[in-house]
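Peer 1: Below: one structure in structure tokens.
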Amino acid sequence: MGSVLRLMIAVLLARCWLTNGDGLESRCAEKYSQDSKVCCKKCSPGHRLLSRCGVDLEGLCVPCETGTYLDEAGYTCKLCKDCTDPHVLKESCTSSRDAVCGCKAGNRCGDAECSFCIEECGKGFEPKDPFSCRRCPDGTFNDKIHEKCVPWSTSCPQPDQQIAANGTAETDIVCGSVSKKVQGNFPSAKDTASHGMMVVAIAVACFCLGLLPTCFLMGKMYMKKKTATLTPEKRQTEGSSKAMHPQNCQFGQPEQEQGGSMGSISSDESQKTLLSV
């Protein structure tokens, strides 16, 4: 008697499990009663309707067979999608979901359902028609995947930049910074005039005082020192200035007669100039 009781309890527990949770009750989405029978109007996803009515829910809805699925409440399972070349399988089919297909490398889905594949246009190309690509025309570029080509930029984004190189089929123009001239490399006109007047004044004073040879040597040393401190840009500028404006007349060292003295000649010339005045 005890064994029979235990068997009955086990059967009742099994029926409770089948009619709750993932059991028979969950197989039917819409149930109703008719002529003292239980009926199912629609089966849950992953199940198909085997019989509409019966003494209980058992046997009314059964799982979809392998290779078929039902993704919503209904009656009949549908065939799973077959992912053939150029398609590739991304997710396998289950009883409640269809297979998910993609396209092999170099191709992309032609619609939302990926019912067909088309050629994927890479960088430097654009779609020519729904199934092919073409190279970006001259003056345009595309740096994205499967997008239309756009014209090169006509200017740089920053005011201190200029176009350093034209674009390509894959890239836009290349911009570079504009090199600024270093201030102070070239003397101003005012500084040049002041420097010239000072040189003339010193030359006249040296001539009048009879110190022309000494001043000439000092001036030569000064110019040598100045040249050593000049930047390459200043040297080039001053060299060009001398070439364009040759000095026809300048204070030079008087030719020394044989047996004479440079100092005596300068002194005699200075005295004659003062007497004539």
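Numbered according to mature numbering (1 follows the signal peptide of the UniProt record, and there is no 0), the sequence shown spans residues -21 to -1, 1 to 256. For each residue, glycine too, the CB sits at the ideal point set by N, CA and C.
Taking DSSP as the reference, what is the three-state secondary structure of L29?
Peer 2: Taking the sequence shown and counting its residues from 1, the one referred to as residue 29 is at position 50. Of the three classes helix, strand and coil, the one that applies to L29 here is coil, per DSSP.
Peer 1: By how many angstroms is the C-alpha of V129 removed from the C-alpha of A148?
Peer 2: Walking along the sequence shown from the start, residue 148 turns up at place 169. Walking along the sequence shown from the start, residue 129 turns up at place 150. So the two alpha carbons sit approximately 10 Å from each other.
Peer 1: Can the beta-carbon of Y54 be found closer than 8 Å to that of K21?
Peer 2: By one-based count along the sequence shown, residue 54 stands at place 75. By one-based count along the sequence shown, residue 21 stands at place 42. Between Y54 and K21, the CB-CB gap stays under 8 Å.
Peer 1: Applying the criterion that 16 or more other CB atoms from any shown protein chain within 10 Å of the CB defines a buried residue, is G146 buried or exposed?
Peer 2: To locate residue 146, count along the sequence shown from 1; it is residue 167. Classification for G146: buried.
Peer 1: Whole angstroms is fine: what's the gap from G153's alpha carbon to G46's?
Peer 2: Counting from 1 along the sequence shown, the entry for residue 153 is found at position 174. Counting from 1 along the sequence shown, the entry for residue 46 is found at position 67. The sequence as given places Val at residue 153; Gly does not occur at that position. The straight-line gap from Cα to Cα measures roughly 56 Å.
Peer 1: So, under 8 Å CB-CB, L36 and C56 are touching, yes? Tell me the CB distance rounded to an integer number of Å.
Peer 2: Start at 1 with the first residue of the sequence shown, and residue 36 comes out as number 57. Start at 1 with the first residue of the sequence shown, and residue 56 comes out as number 77. About 18 Å separates the CB atoms of L36 and C56; that is not less than 8 Å, and the two are not in contact.
Peer 1: Contact defined as beta carbons within less than 8 Å: I believe N121 pairs with F104. What is the distance between those atoms, to the nearest angstrom?
Peer 2: Counted from its first residue, the sequence shown places residue 121 at position 142. Counted from its first residue, the sequence shown places residue 104 at position 125. Right, their Cβ atoms sit about 7 Å apart.
Peer 1: Below 7 Å CB to CB, which residues in the same chain sit around C115 once its five sequence neighbours on both sides are set aside?
Peer 2: The residue given as residue 115 occupies position 136 in the sequence shown. Within the same chain, and ignoring the five residues on either side of C115 in sequence, the residues whose Cβ sits closer than 7 Å to its Cβ are G103, F104, E105, N121, C128, A148.
Peer 1: What residue does the beta strand (DSSP E) around E105 start on, and which one ends it?
Peer 2: Along the sequence shown, read from residue 1 onward, the residue named residue 105 stands at position 126. DSSP places E105 inside the beta strand (DSSP E), whose first and last residues are 104 to 108.
Peer 1: Comparing alpha-carbon positions, which option in T133, P136, R113, V17 lies nearest E126?
Peer 2: Counted from its first residue, the sequence shown places residue 126 at position 147. Residue R113 is the option with its Cα nearest to E126.
Peer 1: Near S111, which residues of its chain fall below 7 Å by C-beta distance, leaving aside the five closest residues on each side in sequence?
Peer 2: Position 132 of the sequence shown holds residue 111. Taken in chain order, the residues that qualify are E98.
Peer 1: Are the Cβ atoms of C80 and C62 separated by less than 8 Å?
Peer 2: Numbered from its first residue, the sequence shown carries residue 80 at position 101. Numbered from its first residue, the sequence shown carries residue 62 at position 83. In this structure, C62 lies closer than 8 Å to C80 by Cβ.
Peer 1: With 16 as the cutoff for other CB atoms within 10 Å, does L58 come out buried or exposed?
Peer 2: Within the sequence shown, numbered from 1, the residue matching residue 58 stands at position 79. Exposed is the call here.
Peer 1: When the Cα of V67 is compared with those of G25, F95, S156, which residue comes out closest?
Peer 2: Sequence index remark: in the sequence shown, residue 67 carries index 88 (1-based). Of the listed residues, the one whose Cα sits closest to V67 is F95.
Peer 1: For chain B, check one thing: does any of its Cβ atoms lie closer than 8 Å to the Cβ of L36?
Peer 2: Within the model displayed, chain B is absent; a lone protein chain is all it includes.
Peer 1: Quick one: Cα of T73 to Cα of G25, how far?
Peer 2: In the sequence shown, the residue the question calls residue 73 occupies position 94. In the sequence shown, the residue the question calls residue 25 occupies position 46. Whole-angstrom Cα-Cα distance: 8 Å.
Peer 1: Taking all protein chains shown into account, do 16 or more other C-beta atoms lie within 10 angstroms of the C-beta of L39, making it buried, or fewer, making it exposed?
Peer 2: Along the sequence shown, one-based indexing puts residue 39 at 60. The residue in question, L39, is buried, as its Cβ has 16 or more Cβ neighbours within 10 Å.
Peer 1: Start and end of the beta strand (DSSP E) containing C40?
Peer 2: Here residue 40 is taken as the residue at index 61 of the sequence shown, counted from 1. From DSSP, the beta strand (DSSP E) with C40 extends over 40 to 42.
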